[in-house]
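Numbering (our numbering), first residue to last: 1 to 429.
Don't be surprised by glycine CBs; every beta carbon is placed ideally from N, CA and C.
From a predicted model like this one, the values you see are computed outputs, not experimental measurements.
Working notes, structure below.
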């Protein structure tokens with residue numbers, strides 16, 4: 001009996017030990033499998049352009065730091081699947097924080113590391129030479145690293161926050177008498193901060209551009225975007241509906257979508273996305289006209305996409321002809337994608353040495369004088385023809401001077417934007 005009792009007791013102890021070991025092994029393998037599932041199967045891929053666009057819409061009506069901070073934290077944590085995020089103001093005036101797109105946890109000083117032990121990256125929030133603070137993000141819920149385009153997205157959000165904080169700060173300081181003047185200056189700063197560099201070098205093209213805003217500040221936009229180190233170049237001229245600060249902000253959104261999209265997507269997909277977004281997520285009165293010329297250096301081929309804008313002018317050095325590149329197309333945000341895509345076409349053509357393309361906004365052809373006359377397309381063609389042998393710089397300078405002479409003392413009523421690019425090499429002249 002004593003032996004049986006001992007055996008039964010030992011048996012129970014063994015069973016208990018087996019249960020404990022089984023539980024520990026189960027817990028270990030459960031955590032391991034969950035980690036592997038999170039790592040390989042949690043889908044945190046999102047539409048990055050949607051986030052940027054939605055951010056513009058969501059923050060446009062906010063007028064306090066608290067509201068902006070709460071919205072940013074919630075959006076980033078939800079949409080990027082981040083454990084922790086924060087937007088903090090800082091009185092630190094160290095210029096080094098405006099020298100990089102982001103800083104890692106170890107890059108930061110002791111004070112920041114102690115206060116934000118959960119942080120992975122610190123994105124500086126600054127506009128021009130004014131530093132506001134940091135957009136701070138922690139690790140992702142999924143055990144994955146941040147992708148380059150996710151880092152670019154957060155950088156874009158930080159930039160938009162900076163512009164918004166600048167607007168909020170400026171509005172708080174404005175008197176009723178000067179509010180319009182201050183808003184105009186801010187909108188102009190935003191516009192000029194989005195323009196391409198003054199001097200643009202290209203191996204095969206001479207490129208010049210000019211932008212003269214009206215006093216009221218409209219929504220004109222011109223840009224030169226390089227892809228694959230300059231193998232492909234997108235020339236953009238656009239007119240965004242809206243004036244003042246709203247026009248400048250919508251122009252900023254269009255620019256952000258184009259620059260982000262060009263890094264990852266085909267041009268047609270970018271255009272369709274922008275049309276869908278403007279049509280369905282922005283106020284009904286907002287639309288964009290645009291002329292795009294996409295130049296491929298390897299194939300020496302340009303493609304023109306007409307989106308309801310003024311037709312570009314093409315000069316052929318072989319026969320010294322000037323013609324409008326006429327193409328069917330609609331402005332962005334007017335109709336849904338199904339109808340829009342039916343009229344979306346790419347008109348392709350080659351460029352010979354000495355050939356050039358001139359893009360412009362309606363601020364050129366619709367400039368008025370005191371008699372109410374329009375500058376018009378005929379006078380524009382005449383000015384280009386007179387100066388075609390002088391190169392891109394001369395053409396733009398002469399048109400600008402002629403516009404001033406034509407308008408006289410009459411106030412400029414719309415933005416004026418122009419881009420011209422010419423194929424290098426000996427021409428037929």
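Residue nearest to residue i in terms of C-alpha spacing, selected from the options
i           : options            : result
residue 396 : 406, 383, 408, 405 : 383
residue 247 : 229, 269, 214      : 214
residue 356 : 312, 188, 200      : 312
residue 389 : 240, 151, 316      : 316
residue 354 : 259, 322, 57       : 322
residue 282 : 299, 154, 334      : 334
residue 372 : 104, 98, 412, 263  : 412
residue 228 : 296, 347, 404      : 296
residue 349 : 128, 326, 94, 149  : 326
residue 164 : 190, 98, 150, 149  : 190
residue 200 : 182, 230, 172, 220 : 230
residue 91  : 111, 83, 292, 320  : 111
residue 152 : 170, 320, 121      : 121
residue 102 : 137, 168, 113      : 137
residue 193 : 272, 128, 73       : 128
C-alpha gap between residue i and residue j, whole angstroms
i           : j           : result
residue 351 : residue 380 : 22 Å
residue 85  : residue 318 : 60 Å
residue 417 : residue 209 : 8 Å
residue 69  : residue 126 : 15 Å
residue 426 : residue 204 : 12 Å
residue 302 : residue 378 : 25 Å
residue 124 : residue 375 : 46 Å
residue 100 : residue 367 : 42 Å
residue 338 : residue 294 : 23 Å
residue 188 : residue 211 : 11 Å
residue 166 : residue 130 : 9 Å
residue 242 : residue 414 : 11 Å
residue 226 : residue 284 : 32 Å
residue 234 : residue 115 : 44 Å
residue 410 : residue 385 : 26 Å
residue 257 : residue 399 : 31 Å
residue 145 : residue 264 : 19 Å
residue 104 : residue 96  : 14 Å
residue 403 : residue 364 : 8 Å
residue 117 : residue 94  : 21 Å
residue 370 : residue 401 : 17 Å
residue 107 : residue 419 : 42 Å
residue 300 : residue 135 : 43 Å
Cβ shell of residue i (< 8 Å), same chain only, five flanking positions each side left out
i           : result
residue 331 : 287, 288, 289, 290, 307, 308, 309
residue 89  : 65, 132, 133
residue 58  : 71, 75
residue 343 : 328, 329, 330
residue 262 : 225, 227, 234, 270
Reduced DSSP category for residue i - H, G, I as helix; E, B as strand; rest coil
i           : result
residue 235 : strand
residue 69  : helix
residue 140 : strand
residue 148 : helix
residue 420 : strand
residue 134 : strand
residue 81  : coil
residue 320 : coil
residue 4   : With a pLDDT of only 45 at residue 4, under 50, the local geometry of the prediction cannot be trusted, and no value is derived from it.
residue 187 : helix
residue 414 : coil
residue 309 : coil
residue 156 : helix
residue 42  : Its pLDDT being 42, under 50, residue 42 is placed unreliably by the model, and nothing is read from it.
Close beta carbons around residue i, own chain, < 6 Å, minus the five adjacent residues each side
i           : result
residue 223 : 196, 236
residue 394 : 387
residue 422 : 206, 356, 392
residue 62  : 68
residue 77  : 85
residue 280 : none
residue 220 : 239, 361, 415, 417
residue 232 : 296
The ligand COA heavy atom lying under 7 Å from the CB of residue i
i           : result
residue 300 : Of the ligands one can find in the structure shown there are none, so the ligand COA has no counterpart to examine.
Sequence-distant residues of the same chain with beta carbon closer than 7 Å to residue i, five excluded per side
i           : result
residue 275 : 332, 333, 337, 340
residue 346 : 303, 305
residue 362 : 239, 310, 414
residue 259 : 225
residue 424 : 204, 205, 206, 353
residue 155 : 101, 102, 123
residue 408 : 369, 370
residue 113 : 105
Cutoff 8 Å: residue i Cβ touching any chain C Cβ
i           : result
residue 262 : No chain C is part of this structure, which consists of one protein chain only.
Stretch-stretch touch, CB-based, cutoff 8 Å, three pairs: the stretch 250 to 263 with the stretch 143 to 159: yes
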